[in-house]
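A.B. asks:
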Amino acid sequence: MEADEVLMVRAQAGDREAFGSLATRYETPLFRFFCRMGAETDAAADLFQETILQLYERLDAYDPARLFRAWLYGIAHLVWKDSRRQAARRLERLTRWATLERGLPEEPPAGQDLDAGLDRDLIGVAVRLAISHLSEEHRAVLILRHYQELTYPEIAEALGIPVGTVKSRMHHALRGVKSDLSRKKVLEVG
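Here the sequence shown is numbered in this note's numbering, starting from 4 and rising by one per residue.
Rendered as structure tokens:
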């Protein structure tokens with residue numbers, strides 16, 4: 004399998020097959036990125052398409068000395084931020100996460116230990132909700148690191164911020180998720 008950077012250089016030279024390979028390779032990871040950032044399924048698919056379109060329009064701007072993956076997630080993050088600005092202008096009030104949050108129990112079922120009472124799916128929903136409550140800056144860092152598996156330097160490059168800022172945002176993001184889960188009694192803090 005050819006490296007992303009090699010495919011991108013070929014795409015810059017006009018190789019449509021190389022560009023198609025990159026789009027196919029990153030379809031699922033980008034779709035998941037957008038879903039984890041809070042997009043509904045249809046919106047995530049649209050955001051993936053917009054990211055690929057932006058990638059195509061910026062072919063000449065890519066520097067082969069840069070890591071392609073970090074550069075691509077930088078484009079995806081900009082596409083996400085633009086979609087959020089547009090959504091704010093349309094005054095969208097309800098999100099999937101708000102609907103799910105009303106379904107979370109405040110207390111564990113009577114007579115059951117919390118760890119034994121909550122199944123993995125409910126814990127997963129609680130974690131996704133906690134992540135959705137983070138600021139966009141903190142959510143992006145957390146998702147890029149833990150779900151998209153980018154390194155701190157790759158995240159720094161993708162978001163255009165120093166590595167120290169990535170580390171600081173990660174610390175605050177993890178603390179925020181832990182606090183949210185603790186408040187909902189999904190996590191025991193000791």
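Every residue gets a Cβ at the ideal spot worked out from N, C-alpha and C, and that includes glycine. Note that the structure is a prediction, hence the values are computed from the model and not measured.
Can you tell me whether K170 is helix, strand or coil according to DSSP?
C.D. replies: Three-state result, K170: helix.
A.B. asks: State the DSSP-derived secondary structure class of Q57, mapped to helix, strand or coil.
C.D. replies: Three-state DSSP puts Q57 in a helix.
A.B. asks: Short of 7 Å in beta carbon distance, which residues of its chain neighbour L25, apart from the five on each side in sequence? Order them along the chain.
C.D. replies: D7, L10, M11 and A14, listed in sequence order.
A.B. asks: Going straight from the alpha carbon of R19 to that of P67, what length do you get?
C.D. replies: Between R19 and P67, the C-alpha separation is close to 17 Å.
A.B. asks: Just to confirm before moving on: does the CB-CB distance between E140 and R172 stay below 9 Å?
C.D. replies: Cβ atoms of E140 and R172: closer than 9 Å.
A.B. asks: Relative to the C-alpha of R35, which residue among H174, A143, P156 and G167 is closest?
C.D. replies: Residue A143 is the option with its Cα nearest to R35.
A.B. asks: May I have a chain-ordered list of the beta strand (DSSP E) segments no shorter than 3 residues that lie completely inside the segment 127-177?
C.D. replies: The segment 127-177 contains no whole beta strand (DSSP E) run of 3 or more residues.
A.B. asks: Could you tell me how far apart the beta carbons of I146 and R39 are, in whole angstroms, since I believe they sit closer than 8 Å?
C.D. replies: Indeed they touch by this definition, with Cβ atoms about 5 Å apart.
A.B. asks: For M4, does the three-state DSSP call read helix, strand or coil?
C.D. replies: Coil, per DSSP.
A.B. asks: Looking at the unbroken alpha helix (DSSP H) that takes in R19, where does it start and where does it end?
C.D. replies: From DSSP, the alpha helix (DSSP H) with R19 extends over R19 to M40.
A.B. asks: Between the Cα of V130 and the Cα atoms of A42, E53 and V180, which residue gives the shortest distance?
C.D. replies: Considering only alpha carbons, the answer is V180.
A.B. asks: Pick from R148, A161, S185 and D85: whose alpha carbon is nearest that of A42?
C.D. replies: It is D85 whose Cα lies nearest to the Cα of A42.
A.B. asks: Grab me the residues of G127's own chain with a C-beta within less than 8 Å of its C-beta, minus the 5 sequence neighbours each way, in chain order.
C.D. replies: Correct list: empty, nothing qualifies.
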